[in-house]
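*Asks:* First residue of the sequence shown: 756, per our numbering; consecutive thereafter.
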Amino acid sequence: MTAKKVLISGGSRGIGKSIALKFAKEGCEVLFTYKSSDQEALELVKYINENYKCPSAKSYKCDMADAADVKRLFKENKEEFSSLSALINNVGGHGKLKPFMFCSNEYFQEILSMNLMSVVNAVREVLPIFIRNKGGRIVNITSIAGTKGNPGHSPYAASKGAIIGFSKSIVKEVGGMGIIINSVAPGFVSTESTNDVPEKYLKMRIDNSIYKRMGMPEEIADVAHYLGSSSPEYLTGQEIIVDGGITG
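1. Would you decide whether D818 is buried or exposed? Buried here means 16 or more other CB atoms lie within 10 Å of its CB.
2. Considering only their Cβ atoms, is the gap separating G769 from P953 smaller than 8 Å?
3. Using DSSP with H/G/I as helix, E/B as strand and the rest coil, what is E784?
4. Under 8 Å, do I919 and T902 count as touching if we go by C-beta distance?
5. Taking just the CA atoms, how far does S985 sit from F829?
6. Can you find the residues in the same chain that come closer than 8 Å, C-beta to C-beta, to I995, ignoring five residues on each side of it along the sequence?
7. Given a cut-off of 8 Å, decide if S922 and N895 are closer than it, judged by their beta-carbon atoms.
8. Quick one: grab the DSSP three-state call for V939.
9. By how many angstroms is the C-alpha of Y815 removed from the C-alpha of C809?
10. Report the option in A913, S837, V878 and F836 whose CA atom is closest to the CA atom of Q864.
11. Specify the secondary structure class of K967 as computed by DSSP and reduced to three states.
12. In chain order, what are the residue ranges of uninterrupted alpha helix (DSSP H) at least 4 long that sit wholly in the stretch 765-822?
13. Quick check: the Cα distance between K889 and G931, rounded to an integer number of angstroms?
14. What are the start and end residues of the alpha helix (DSSP H) that includes V944?
15. Provide the residue(s) that pair with R892 in DSSP beta bridges, ordered along the chain.
16. Can you give me the C-alpha to C-alpha distance between Y807 and L882, rounded to a whole angstrom?
17. Drop a sphere of 10 angstroms on the beta-carbon of L776, count the other beta-carbons inside from all chains shown, and report buried for 16 or more, exposed for fewer.
18. Quick check on I1001: does DSSP put it in helix, strand or coil?
19. In whole angstroms, give me the CA-to-CA distance for F778 and A822.
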């Protein structure tokens, strides 16, 4: 199956933006959500519609961590979303670099909600569509932190690890209905968020890579597109690591 219409959560910047551009380049109709920057979303929609031969690109403002807002999104766009062939869950963030002992319960819950619940909320709404259509693909963007841990980012690592377990569980429930679910676990990727990373920490992460560089968003997008469009049916319930050999 080649994806005809994809919904990407958090598609206006970073890895999500690269995923949107990759699907558009391959001729897929691109729908994406964003939380705050109307200008970024408008610019991306305009760029895709002017530069690619895909059917169209549309953006939707939504807080994916808010179950009620996600339900509203799917209800208001019921007809548009009824023909979705793929969902890419990309919304997330690592939060501040701080030891666990300095993480309040409120802060921990904030990161869990942003990363884990954004995926849960989207999957809950899209599954009835895929079941009705007898097929669909879900790709969840996780992180190598979810399996190897990351000092100073325990809430982030916990949330990404939870997504991996969630993905493997759900695919065992709905895989027989033609629904393929996989995760992509990036290593250290160059995006807007890395601009605030301390130089010492940045160097340490780069030195751990075989290629002595950060990953590029486009490299993650290539894998997400493959899993969300043309990967074989038998490739499901997996976490694909894209980290430049850090965990190899």
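From the three backbone atoms N, C-alpha and C, an ideal C-beta is built for every residue, glycine too.
*Replies:* Concretely, from the data shown:
1. buried
2. no
3. strand
4. yes
5. 25 Å
6. N937, S938, V939, A940, V978 and L982
7. yes
8. strand
9. 18 Å
10. A913
11. coil
12. 769-780 and 793-806
13. 10 Å
14. Premise fails: V944 is in no alpha helix (DSSP H) and is neither H nor E.
15. A841 and I935
16. 29 Å
17. buried
18. coil
19. 26 Å
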